[in-house]
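Chemist: Counting from 221, one number per residue, gives the positions in the sequence shown under the working numbering.
Quick one: the structure is below, and I'll ask about it shortly.
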Amino acid sequence: MTPPAGVVEHLDRALAPLRAEPGAPRWTPAARWHLTLLFLGAVPAHRVAGLLAATGPAVAGTGPAALRLAGAGRFGSRRRPQVFWVGVAGDDAAVSALAGRLAGAARGLGLPVEDRPFRAHLTVGRWRPGRPADGDLPARLAGYRGPDWPVTEVQLVESHLGPEPRYEPLASWPVASSAGARMPCSDPGNGA
């Protein structure tokens, strides 16, 4: 899932004061920000057609949903942070259920799926091992709340790693109309 341009621009502005801070991570370019619902690693070419066929029904069960980016955190310890992320709030239960259906579809095809709970988040930076790292930096975005956006589609994306990583969409599926999606009143703060 890719947040709309206005959402990305809002977060990009919020991160601007942190970019040159000592111990900041290597920032992911905003053009590559996305929410990963299921990471599969390398999928053999002969399994892609089955994955495409299984993904459609998994997405079809998704009702209207609206999300927003909210709060921030890190994966890894304070002394050895690894990933700087921004949380996801709103109808995150619907997104978590979708991630579970996608994982089930992949397992049904015999594809290896990570055995850890899904945590909706947007990766905005990664700290390099052995470099100075400020694990407290995400706390400066703890109160961040971005604009709401409706979830309109889910994409199957192939990652191409290397010096200039890129993401190639292989297929997309629409999500039920989000016109009636609601934002919960509770504060999901940590979000991810």
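Glycine is no exception: its CB is placed at the ideal position from the N, C-alpha and C atoms.
1) Is G291 helix, strand or coil by DSSP?
2) Are the beta-carbon atoms of V377 and V395 separated by less than 8 angstroms?
3) If you reduce the DSSP assignment to three classes, tell me which class P370 lands in.
4) Counting only runs that start and end within the region 294-333, where is the alpha helix (DSSP H) found for 4 or more residues in a row?
5) Does the distance from the C-beta atom of G355 to that of R299 stay below 8 angstroms?
6) State the start and end residues of the unbroken beta strand (DSSP E) segment that holds P394.
7) Please list, in chain order, all residues of the same chain as L381 whose beta carbon is under 8 angstroms from its beta carbon, the five residues on each side excluded.
8) Let me confirm a value: E281 is counted as buried when at least 16 other C-beta atoms fall within 10 Å, else exposed. Which label applies?
9) Out of A292, L342, R346, A251, which has the shortest C-alpha to C-alpha gap to P301?
10) Please return the same chain residues whose Cβ sits closer than 8 angstroms to the Cβ of G328, not counting the five positions on each side in sequence.
11) Look at G320 and F338 and say whether their C-beta atoms are less than 8 angstroms apart.
12) Which ranges would you report for the alpha helix (DSSP H) in the region 234-283 if only whole runs of at least 4 residues count?
13) Leaving out the 5 sequence neighbours to the left and right, which residues in its chain are closer than 8 angstroms to S392 when beta-carbon positions are compared?
14) Straight-line CA distance for F259 to E334?
Modeler: Short version:
1) strand
2) no
3) strand
4) 312-328
5) yes
6) 386-394 is the extent of the beta strand (DSSP E) around P394.
7) Excluding sequence neighbours, L381 sits near nothing in its chain.
8) Correcting the residue type first, residue 281 is Gly in the shown sequence and not Glu. Looking at its Cβ environment, which holds fewer than 16 other Cβ atoms inside 10 Å, G281 is exposed.
9) R346
10) A274
11) It is a contact, given that the beta carbons lie within the stated cut-off.
12) 268-280
13) Answer for S392: E373, V374, Q375, L376, listed in chain order.
14) 8 angstroms
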